[in-house]
Each structure stands twice: as C-alpha cells, then as structure tokens.
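Chains as they are written, first to last, in the working numbering: chain A, 1 to 170; chain B, 171 to 340.
Yeah, the Cβ is synthetic: ideal placement off N, Cα and C, and Gly gets one too.
Structure, as structure tokens:
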C-alpha cells in the first residue's frame, strides 16, 4: 500500500489554494491542499504499524510549527508545477529531518522544498501564461500547525487518512 | 465550519465501493468511501476544541468494532441512494449513541442506519435500473475498525481530516 505524510493548512489557506487547483491541478479531486512532509512510500500492514509508532514518537517530540507562505513560486523547468512557497524555518526542517529518518523501504530522492502545490502537469505555454499572474497575486499566510497526518492511497489515486499525530512536544 | 465524524473501511472495501461510486455517486471526488457516525454539524474554532475533546473521551472508552457489510440496500423511495448495508451490532450502536450524546448545536434528524453509500442523486429510472444488478453482486466484508475520524468541509464541498481518534477502550 502507498503512504505519505502531510500537513494540511487551515481551511482559509486550503480554500484559497483550491480556487487555483480547481482549474490548474489534475490532483484537485484526489487530495485536499497540503504540504508534503514525507513523499510516497510503500508499506504493508505490519510495516505501517512500526512506521506509525515511530512517527508518533517524532510528533510527540516536536512542537507545533509556524507555517508561513511567502509568495508563489514554480519548479519549472524541472517540472511545470506552481506552488505556495513555505518558509523553511528551523522547526520545519527539524520535523522533516526526523520524519525522513524513520525507516522506510525507499529513500527520499529530492531536497526538501516546503510548498503547497496549486498547479501541476501544465504545458510550458500554460505555465508561462499563468505563472506571472499568480505570482503577482501572491500568497501571504501565517498560521500554527499542530498536527500531521499519515495518509494512504486508494487504487483510484485518492488519499484517505490513516492517522493524525499531534505535535505535542514542549 | 462544517464537521462530521466517520469511519473509513479498509482499502479493499474502499476500492470496491469506489468502483461503483466513480460512476454513480456525485460525491465521489469530495470524500473517500466511509460510514458516517455523526452527520454534518456546525462548529467554530473554539467549539470544535470542546467537541474534539469529548469525542476523544468517547473513543478512549470504546473498543474497536467489527464492521460487517451484509449486502446492498437502498433508501428509495425516501432518497435514491444505494449503499453497502452495515450490520447494526450493539458495539456500533453504542459508539453511535455516545457520539450523538456529545453536545452539538444541531440535533440528529435521522434514525441511525449504518451504511456506506455507493450511489446517490440518481433519477428513479437510473436507480431502478442499477439497483437489482448491484443487489445481485452483493458486498460481504467483515473487518475490525479501530479508529474514527473528525473531518471538516472546505468551500468546494471536499472533506479534510481534522483529527483521528483510536478506539482504545478495553
């Protein structure tokens, strides 16, 4: 089964992100707006119990963190994806590192660029058309995130929650 | 903000439900297959903290329950919705009752008929066409559910998880 770990921003930020995703993100219906903390990994029923217990340990050692979006950016030319840029604070990097250190079967391939995707799988001309507009509108939000979520993927590509973990460290 | 409380069945059951929902349920993209334990209610940021704490109390007093689907049924002629019928065991009724007794602003309007919707908002002729076929195929699953989820709704109608509660009672 495929799993991933995410943080969901507040309803306000999700609604704003969805106003773009509805038009520009083919994953719009598969998952609500989120910041990925650990990308897709495989685990069976037994493995996920061990992993979930370790993620619970990480969550109980971490304080809630500030999620601050500082504007809109793009992964082009690597991939034509546009996103809300999330400030890479020390507390967020620490949370990501601890989650990455949990034993998964795969290894993380990318550097951690915290973000909330609002558009993806665009053609280059679509990208070049909408990116300057979105960039001008911007996205300035600041809020406290006090929980993370372990999700799993169904056969149709949609994501269901497996478990929530409160960031309850002092 | 709008909230609800659900249990998600296993991936196997969700995938099977989605094979129908994809075609017959306009809510397909808004939420993955689920059994509603407490229907939609309104709460603000403060109220939901109190409610979530009470739901946590309920969950910690309840044991995991058996979710057994015994076939396919329909709410017609009240509404043209078709669903996996879930056995109303004492443990499930007890969980539902305790959740219903938490203080919400609204009151529950319907009797509790545990189910997993697979088709809804059908015309009568669509309903009468597909219901006998689905009924013949059936849905026999039995599994243990050890957690429930508090969800909230975004402006576009989709549902995001707020919190998971383990049924940790002895």
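Under a three-way DSSP split, which group does residue 341(B) fall into? Nothing can be reported for residue 341(B), as the shown portion of chain B is limited to 171 through 340.
Does DSSP put residue 58(A) in a helix, a strand or coil? It is helical.
Kindly list, in the order they appear in chain B, the residues whose Cβ is closer than 8 Å to that of residue 147(A). Near residue 147(A) (Cβ distances below 8 Å), the residues of chain B are 333.
Distance between residue 257(B) and residue 40(A) (C-alpha atoms, nearest Å): C-alpha separation (whole angstroms): 35 Å.
Can you tell me which residues form a DSSP beta bridge with residue 253(B)? Paired residues: 243(B), 287(B).
Determine the chain B residues that contact residue 155(A) at a beta-carbon separation under 9 Å, and present them in chain order. Neighbours of residue 155(A) across chain B, judged by C-beta separation under 9 Å: 181, 184, 185, 188, 189.
By the three-class DSSP mapping on this structure, what secondary structure does residue 152(A) have? DSSP places residue 152(A) in strand when its eight states are reduced to three.
Buried or exposed (CB count within 10 angstroms, at least 16 for buried), residue 67(A): Label assigned to residue 67(A): buried.
State the CB to CB distance for the pair residue 312(B) and residue 222(B), rounded to an integer number of angstroms; the pair is presumed to be in contact (CB under 8 Å). With a Cβ gap of about 30 Å, residue 312(B) and residue 222(B) do not count as contacting.
Shortest alpha-carbon distance to residue 326(B) belongs to which of 15(A), 75(A), 91(A)? If we check each option's Cα against that of residue 326(B), 15(A) comes out closest.
Determine, using beta-carbon pairs with one atom in the stretch 195 to 206 of chain B and one in the stretch 278 to 289 of chain B, whether at least three such pairs fall under 8 Å. Inter-segment contact for the stretch 195 to 206 of chain B and the stretch 278 to 289 of chain B is present: three or more beta-carbon pairs are separated by less than 8 Å.
Check whether chain B comes within 9 Å of residue 117(A), counting only Cβ atoms and requiring the distance to be less than that. With 9 Å as the cut-off, residue 117(A) does not count as an interface residue toward chain B.
Could you check the C-alpha separation between residue 250(B) and residue 304(B) for me, to the nearest Å? Answer to the nearest angstrom: the Cα atoms are 14 Å apart.
By the criterion of Cβ-Cβ separation under 7 Å, what are the contact partners of residue 158(A) in chain B? What residue 158(A) touches in chain B, judged by beta-carbon distance under 7 Å, is 202, going in chain order.
Candidates 331(B), 319(B), 187(B), 314(B): closest to residue 241(B) by CA position: Ranking 331(B), 319(B), 187(B), 314(B) by Cα distance to residue 241(B) puts 187(B) first.
Whole-Å CB distance - residue 151(A) paired with residue 161(A), under 8 Å assumed: That belief holds up - the Cβ atoms of residue 151(A) and residue 161(A) are roughly 6 Å apart, short of 8 Å.
Contact check, residue 92(A) vs residue 65(A), beta carbons under 9 Å: Less than 9 Å separates the beta-carbon of residue 92(A) from that of residue 65(A).
Using DSSP with H/G/I as helix, E/B as strand and the rest coil, what is residue 297(B)? Helix.
On the premise that residue 144(A) lies in contact with residue 5(A), defined as a C-beta separation below 8 Å, what is that separation, rounded to the nearest angstrom? By a beta-carbon distance limit of 8 Å, residue 5(A) does not contact residue 144(A). Their separation comes to about 18 Å.
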